[in-house]
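Per UniProt numbering, the very first residue in the sequence shown carries number 1; after that it's consecutive.
Note that CB positions come from ideal geometry on N, CA and C, so glycine has one too.
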Amino acid sequence: MNRILELLEQQSTGYLSGELLSQELQISRTAVWKHIKKLEAAGYQIEASRRLGYRLIGRPSKLTPQELTMKLQSKGTSIIQKIRMFDSVDSTQNIAQRLAEEGAEEGTLVIAEQQTSGRGRLGRKWVSPSGRGIYMSFILRPGMPLHFAPQLTLLTAVALCRALRAIAAPLDIGIKWPNDLLIGGKKISGILLESTAEEERLRYVIAGIGISVNLTADDFPQELLDIATSLQIELGRPLDRADIIAGFFEQFEQLYTIYQKDGFGPIRMLWEALSVTLNKPTRLILSSGETMATPVGLNEQGALLVRKSDGTIVPIFSSEQVPQG
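As C-alpha coordinates, then:
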(Lines of atoms letter the chains of each structure in order from A and count residues from 1; the text may use other names and numbers.)
(Lines give C-alpha, C1' and ligand atoms only; values in the text may rest on other atoms or scores of the structure.)
Protein backbone atom coordinates (compact mmCIF):
# COMPACT_ATOMS: atom_id res chain seq x y z
CA MET A 1 0.00 0.00 0.00
CA ASN A 2 2.85 2.41 0.78
CA ARG A 3 4.37 1.83 -2.67
CA ILE A 4 1.06 2.53 -4.41
CA LEU A 5 0.73 5.79 -2.47
CA GLU A 6 4.28 6.76 -3.41
CA LEU A 7 3.59 6.11 -7.12
CA LEU A 8 0.34 8.07 -7.04
CA GLU A 9 2.08 11.02 -5.39
CA GLN A 10 4.84 10.96 -7.99
CA GLN A 11 2.17 11.08 -10.73
CA SER A 12 0.46 14.07 -9.13
CA THR A 13 -0.73 15.63 -12.40
CA GLY A 14 -2.19 12.60 -14.11
CA TYR A 15 -3.55 9.08 -13.87
CA LEU A 16 -1.78 5.80 -13.30
CA SER A 17 -3.36 2.81 -14.94
CA GLY A 18 -4.26 -0.25 -12.92
CA GLU A 19 -2.23 -2.31 -15.37
CA LEU A 20 0.91 -0.21 -14.78
CA LEU A 21 0.47 -0.43 -11.01
CA SER A 22 -0.05 -4.18 -11.31
CA GLN A 23 3.16 -4.60 -13.32
CA GLU A 24 5.20 -2.27 -11.10
CA LEU A 25 4.18 -4.04 -7.90
CA GLN A 26 3.91 -7.52 -9.42
CA ILE A 27 0.44 -8.05 -7.99
CA SER A 28 -2.97 -8.65 -9.59
CA ARG A 29 -5.33 -5.87 -10.68
CA THR A 30 -7.71 -7.06 -7.95
CA ALA A 31 -4.96 -6.64 -5.35
CA VAL A 32 -4.29 -3.12 -6.66
CA TRP A 33 -7.98 -2.29 -6.27
CA LYS A 34 -7.98 -3.61 -2.69
CA HIS A 35 -4.96 -1.46 -1.81
CA ILE A 36 -6.69 1.58 -3.34
CA LYS A 37 -9.73 0.90 -1.14
CA LYS A 38 -7.48 0.73 1.93
CA LEU A 39 -5.96 4.10 1.04
CA GLU A 40 -9.44 5.57 0.64
CA ALA A 41 -10.41 4.15 4.03
CA ALA A 42 -7.35 5.90 5.49
CA GLY A 43 -8.65 9.24 4.18
CA TYR A 44 -6.97 9.60 0.78
CA GLN A 45 -9.18 10.84 -2.07
CA ILE A 46 -8.52 8.82 -5.21
CA GLU A 47 -10.34 9.35 -8.47
CA ALA A 48 -10.86 6.14 -10.44
CA SER A 49 -11.44 6.00 -14.20
CA ARG A 50 -12.11 2.73 -16.00
CA ARG A 51 -10.24 4.05 -19.02
CA LEU A 52 -7.41 6.02 -17.37
CA GLY A 53 -6.75 4.39 -14.01
CA TYR A 54 -6.27 6.11 -10.67
CA ARG A 55 -5.39 9.65 -9.65
CA LEU A 56 -4.67 11.05 -6.18
CA ILE A 57 -6.78 14.18 -5.70
CA GLY A 58 -6.81 14.67 -1.93
CA ARG A 59 -4.86 13.78 1.18
CA PRO A 60 -6.19 13.12 4.67
CA SER A 61 -5.98 15.95 7.13
CA LYS A 62 -5.14 13.35 9.75
CA LEU A 63 -1.73 11.79 10.12
CA THR A 64 -1.64 8.16 9.06
CA PRO A 65 0.90 5.44 9.82
CA GLN A 66 1.12 4.67 6.10
CA GLU A 67 2.03 8.21 5.09
CA LEU A 68 4.45 8.64 7.96
CA THR A 69 6.16 5.31 7.29
CA MET A 70 6.60 6.25 3.64
CA LYS A 71 8.13 9.63 4.51
CA LEU A 72 10.44 8.14 7.10
CA GLN A 73 11.62 5.60 4.53
CA SER A 74 12.18 8.36 1.98
CA LYS A 75 14.57 10.00 4.48
CA GLY A 76 16.46 6.75 4.92
CA THR A 77 15.80 6.66 8.66
CA SER A 78 15.48 3.41 10.57
CA ILE A 79 15.27 4.54 14.19
CA ILE A 80 11.45 4.28 14.27
CA GLN A 81 10.46 0.61 14.36
CA LYS A 82 6.79 0.80 15.26
CA ILE A 83 4.13 3.53 15.11
CA ARG A 84 1.15 3.68 17.46
CA MET A 85 -1.34 6.35 16.40
CA PHE A 86 -4.36 7.61 18.33
CA ASP A 87 -7.15 10.11 17.71
CA SER A 88 -7.13 11.37 21.30
CA VAL A 89 -5.16 10.48 24.45
CA ASP A 90 -4.55 12.12 27.79
CA SER A 91 -0.81 12.31 27.06
CA THR A 92 1.44 10.50 24.61
CA GLN A 93 4.03 10.37 27.41
CA ASN A 94 1.70 8.24 29.51
CA ILE A 95 1.02 5.82 26.64
CA ALA A 96 4.72 5.50 25.76
CA GLN A 97 5.70 4.92 29.39
CA ARG A 98 3.15 2.12 29.71
CA LEU A 99 4.42 0.53 26.50
CA ALA A 100 8.03 0.82 27.67
CA GLU A 101 7.17 -0.91 30.95
CA GLU A 102 5.52 -3.67 28.93
CA GLY A 103 8.77 -4.17 27.02
CA ALA A 104 8.20 -2.12 23.84
CA GLU A 105 11.34 -1.85 21.74
CA GLU A 106 13.49 1.20 21.15
CA GLY A 107 12.02 3.21 18.31
CA THR A 108 8.38 2.75 19.32
CA LEU A 109 6.61 6.01 18.43
CA VAL A 110 3.32 7.17 19.92
CA ILE A 111 1.45 9.96 18.11
CA ALA A 112 -1.93 11.51 18.86
CA GLU A 113 -4.09 13.93 16.91
CA GLN A 114 -5.14 15.45 20.23
CA GLN A 115 -4.05 15.39 23.87
CA THR A 116 -6.49 16.17 26.66
CA SER A 117 -3.78 16.48 29.33
CA GLY A 118 -0.58 17.13 27.40
CA ARG A 119 2.24 18.21 29.69
CA GLY A 120 5.57 19.93 29.45
CA ARG A 121 8.39 20.61 31.87
CA LEU A 122 7.51 21.28 35.51
CA GLY A 123 4.05 19.80 34.98
CA ARG A 124 2.85 22.64 32.76
CA LYS A 125 -0.03 22.01 30.37
CA TRP A 126 0.68 21.88 26.63
CA VAL A 127 -2.02 23.27 24.31
CA SER A 128 -2.95 20.34 22.04
CA PRO A 129 -5.94 21.04 19.74
CA SER A 130 -6.94 18.24 17.38
CA GLY A 131 -5.20 18.04 14.01
CA ARG A 132 -3.23 21.25 14.43
CA GLY A 133 0.01 20.24 16.06
CA ILE A 134 2.43 17.39 16.57
CA TYR A 135 2.11 15.52 19.84
CA MET A 136 4.43 12.53 20.01
CA SER A 137 6.59 10.47 22.34
CA PHE A 138 9.13 7.81 21.44
CA ILE A 139 11.06 5.20 23.37
CA LEU A 140 14.83 5.06 23.60
CA ARG A 141 16.82 2.35 25.35
CA PRO A 142 20.36 3.80 25.30
CA GLY A 143 21.73 1.60 28.09
CA MET A 144 23.98 4.35 29.41
CA PRO A 145 24.59 5.75 32.91
CA LEU A 146 21.73 7.79 34.36
CA HIS A 147 23.72 11.03 34.52
CA PHE A 148 23.89 11.19 30.69
CA ALA A 149 20.11 11.71 30.40
CA PRO A 150 20.31 15.57 30.25
CA GLN A 151 22.57 15.29 27.21
CA LEU A 152 19.83 13.42 25.35
CA THR A 153 17.44 16.29 26.08
CA LEU A 154 19.85 18.77 24.52
CA LEU A 155 20.46 16.47 21.55
CA THR A 156 16.71 16.26 20.92
CA ALA A 157 16.41 20.05 20.99
CA VAL A 158 19.21 20.41 18.45
CA ALA A 159 17.65 17.81 16.12
CA LEU A 160 14.24 19.48 16.25
CA CYS A 161 15.64 22.98 15.77
CA ARG A 162 17.67 21.91 12.73
CA ALA A 163 14.68 20.11 11.21
CA LEU A 164 12.30 23.06 11.69
CA ARG A 165 14.82 25.55 10.34
CA ALA A 166 15.10 23.48 7.17
CA ILE A 167 11.36 22.96 6.70
CA ALA A 168 10.11 26.38 7.83
CA ALA A 169 12.80 28.58 6.27
CA PRO A 170 13.30 31.51 6.50
CA LEU A 171 12.00 31.51 10.09
CA ASP A 172 14.78 32.17 12.60
CA ILE A 173 14.17 29.39 15.12
CA GLY A 174 16.43 29.04 18.16
CA ILE A 175 16.78 27.17 21.44
CA LYS A 176 16.12 28.58 24.88
CA TRP A 177 17.67 26.68 27.79
CA PRO A 178 17.32 23.84 28.03
CA ASN A 179 15.02 22.73 25.23
CA ASP A 180 12.28 25.20 24.32
CA LEU A 181 12.20 26.35 20.70
CA LEU A 182 11.41 30.01 20.06
CA ILE A 183 10.63 32.34 17.20
CA GLY A 184 11.04 36.01 18.08
CA GLY A 185 10.91 35.19 21.76
CA LYS A 186 7.68 33.17 21.47
CA LYS A 187 7.54 29.45 22.13
CA ILE A 188 6.63 27.04 19.33
CA SER A 189 7.82 23.75 20.76
CA GLY A 190 8.62 22.01 24.01
CA ILE A 191 10.54 18.84 24.76
CA LEU A 192 10.17 16.60 27.79
CA LEU A 193 12.46 13.63 28.45
CA GLU A 194 11.52 11.29 31.27
CA SER A 195 13.71 8.35 32.20
CA THR A 196 13.66 5.23 34.36
CA ALA A 197 16.89 3.77 35.70
CA GLU A 198 18.02 0.61 37.38
CA GLU A 199 21.32 0.43 39.27
CA GLU A 200 22.25 3.89 37.95
CA ARG A 201 21.80 2.87 34.29
CA LEU A 202 18.97 3.99 32.06
CA ARG A 203 16.35 1.32 31.45
CA TYR A 204 14.54 3.54 28.99
CA VAL A 205 13.95 7.17 28.09
CA ILE A 206 10.65 8.60 26.85
CA ALA A 207 11.22 11.62 24.62
CA GLY A 208 8.07 13.72 24.34
CA ILE A 209 7.74 16.51 21.79
CA GLY A 210 4.98 19.04 21.26
CA ILE A 211 5.07 21.37 18.26
CA SER A 212 2.58 24.11 17.51
CA VAL A 213 2.42 23.60 13.75
CA ASN A 214 -0.84 24.82 12.25
CA LEU A 215 -2.46 26.45 15.27
CA THR A 216 -4.18 29.80 14.78
CA ALA A 217 -4.39 32.61 17.31
CA ASP A 218 -7.85 31.34 18.28
CA ASP A 219 -6.33 28.02 19.44
CA PHE A 220 -4.26 29.67 22.18
CA PRO A 221 -5.66 30.86 25.51
CA GLN A 222 -5.57 34.65 25.69
CA GLU A 223 -2.91 34.60 28.40
CA LEU A 224 -0.48 32.72 26.11
CA LEU A 225 -0.69 34.90 23.01
CA ASP A 226 2.24 37.09 24.12
CA ILE A 227 4.53 34.13 24.79
CA ALA A 228 3.45 31.38 22.35
CA THR A 229 3.00 31.11 18.60
CA SER A 230 2.84 28.53 15.81
CA LEU A 231 4.72 27.85 12.61
CA GLN A 232 1.62 28.70 10.56
CA ILE A 233 1.14 32.05 12.32
CA GLU A 234 4.77 33.01 11.75
CA LEU A 235 5.11 31.62 8.23
CA GLY A 236 1.67 32.63 6.95
CA ARG A 237 0.81 29.18 5.60
CA PRO A 238 0.18 25.66 6.93
CA LEU A 239 2.87 23.00 6.92
CA ASP A 240 2.72 19.25 6.37
CA ARG A 241 3.02 17.62 9.78
CA ALA A 242 4.31 14.32 8.38
CA ASP A 243 7.15 16.19 6.64
CA ILE A 244 8.13 17.76 9.96
CA ILE A 245 8.08 14.44 11.82
CA ALA A 246 10.16 12.72 9.14
CA GLY A 247 12.59 15.65 9.03
CA PHE A 248 13.01 15.53 12.79
CA PHE A 249 13.79 11.83 12.91
CA GLU A 250 16.25 12.22 10.04
CA GLN A 251 18.14 14.81 12.10
CA PHE A 252 17.74 12.88 15.36
CA GLU A 253 19.12 9.66 13.93
CA GLN A 254 22.15 11.44 12.47
CA LEU A 255 22.93 13.22 15.74
CA TYR A 256 22.21 10.15 17.89
CA THR A 257 24.72 8.18 15.79
CA ILE A 258 27.32 10.95 16.16
CA TYR A 259 26.67 11.11 19.91
CA GLN A 260 27.12 7.37 20.38
CA LYS A 261 30.36 7.47 18.38
CA ASP A 262 31.95 10.78 19.41
CA GLY A 263 30.25 11.73 22.67
CA PHE A 264 28.59 14.98 23.66
CA GLY A 265 31.19 17.41 22.26
CA PRO A 266 29.71 17.83 18.76
CA ILE A 267 26.18 18.12 20.19
CA ARG A 268 27.31 20.78 22.66
CA MET A 269 28.77 22.92 19.86
CA LEU A 270 25.59 22.63 17.80
CA TRP A 271 23.40 23.52 20.78
CA GLU A 272 25.48 26.59 21.58
CA ALA A 273 25.32 27.73 17.94
CA LEU A 274 21.52 27.48 17.96
CA SER A 275 20.94 29.07 21.35
CA VAL A 276 19.12 32.41 21.45
CA THR A 277 19.94 33.16 25.10
CA LEU A 278 23.70 32.76 25.43
CA ASN A 279 25.72 35.85 26.40
CA LYS A 280 22.61 37.78 27.41
CA PRO A 281 21.89 38.84 31.01
CA THR A 282 19.32 36.48 32.42
CA ARG A 283 17.20 36.05 35.52
CA LEU A 284 17.57 32.44 36.63
CA ILE A 285 14.82 30.90 38.73
CA LEU A 286 16.44 28.17 40.81
CA SER A 287 15.09 25.87 43.52
CA SER A 288 17.09 27.97 45.98
CA GLY A 289 15.74 31.31 44.72
CA GLU A 290 16.42 33.80 41.92
CA THR A 291 19.69 35.21 40.70
CA MET A 292 21.03 37.29 37.83
CA ALA A 293 23.72 35.79 35.61
CA THR A 294 24.89 35.55 32.00
CA PRO A 295 24.81 32.13 30.29
CA VAL A 296 28.03 31.52 28.39
CA GLY A 297 27.79 27.90 27.20
CA LEU A 298 27.46 24.27 28.23
CA ASN A 299 29.91 22.09 30.12
CA GLU A 300 30.85 18.53 29.18
CA GLN A 301 27.95 17.09 31.18
CA GLY A 302 25.36 19.34 29.55
CA ALA A 303 24.91 21.78 32.42
CA LEU A 304 24.45 25.47 31.63
CA LEU A 305 27.53 27.54 32.43
CA VAL A 306 26.67 31.02 33.76
CA ARG A 307 28.85 33.96 34.69
CA LYS A 308 27.84 35.53 37.99
CA SER A 309 28.17 39.22 38.83
CA ASP A 310 31.53 38.58 40.53
CA GLY A 311 32.92 37.01 37.33
CA THR A 312 32.91 33.41 38.50
CA ILE A 313 31.47 30.77 36.17
CA VAL A 314 29.32 28.04 37.68
CA PRO A 315 27.25 25.17 36.23
CA ILE A 316 23.45 25.17 36.48
CA PHE A 317 21.71 21.83 36.05
CA SER A 318 18.09 22.93 36.38
CA SER A 319 16.50 26.36 36.15
CA GLU A 320 14.01 28.58 34.42
CA GLN A 321 15.64 31.27 32.31
CA VAL A 322 14.06 34.73 31.88
CA PRO A 323 16.11 36.93 29.50
CA GLN A 324 16.30 40.58 30.48
CA GLY A 325 15.88 43.50 28.10
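At the level of alpha carbons, what is the spacing between residue i and residue j?
i, j, result
"Q11", "R55", "8 Å"
"N2", "G190", "31 Å"
"I4", "M70", "10 Å"
"A157", "I267", "10 Å"
"S28", "H35", "11 Å"
"L8", "Y15", "8 Å"
"L193", "L171", "26 Å"
"G302", "F86", "34 Å"
"F317", "I245", "29 Å"
"P238", "S309", "45 Å"
"L21", "R51", "14 Å"
"V89", "R307", "43 Å"
"D219", "Q232", "12 Å"
"S61", "L146", "40 Å"
"E199", "T92", "27 Å"
Could you tell me which residues DSSP puts in a beta bridge with residue i?
i, result
"residue 347", "The question about residue 347 has no answer, for the chain in this structure spans 1 to 325."
"A166", "In the DSSP output, where bridge partners are listed per residue, A166 has none listed."
"Y135", "A112 and G210"
"L304", "L298 and I316"
"D262", "Paired residue(s): none; D262 is not in a bridge."
"P145", "R201"
"S275", "I175"
Which one of the options has the shortest CA to CA distance from residue i?
i, options, result
"V322", "I316, P315, V314 and M292", "M292"
"S230", "F264, A168 and I111", "A168"
"K280", "A197, E102 and T294", "T294"
"residue 367", "A217, L68 and R132", "This structure gives no information on residue 367, because the portion of the chain shown stretches from 1 to 325."
"L155", "A166, A217, E253 and R141", "E253"
"A207", "Y256, S319, Q222 and A228", "Y256"
Please look up how many angstroms separate the CB atoms of residue i and residue j, rounded, as I've assumed it's under 8 Å.
i, j, result
"T77", "E234", "No, T77 and E234 are not in contact; Cβ-Cβ is about 27 Å, not under 8 Å."
"G143", "L99", "Not really, about 18 Å apart at Cβ, beyond 8 Å."
"T277", "W177", "6 Å"
"I111", "L63", "6 Å"
Complete runs of the beta strand (DSSP E) confined to the segment 54-113 [at least 3 residues]: 82-89
Could you tell me which whole alpha helix (DSSP H) segments of length 4 or greater appear in the segment 194-252? 231-235
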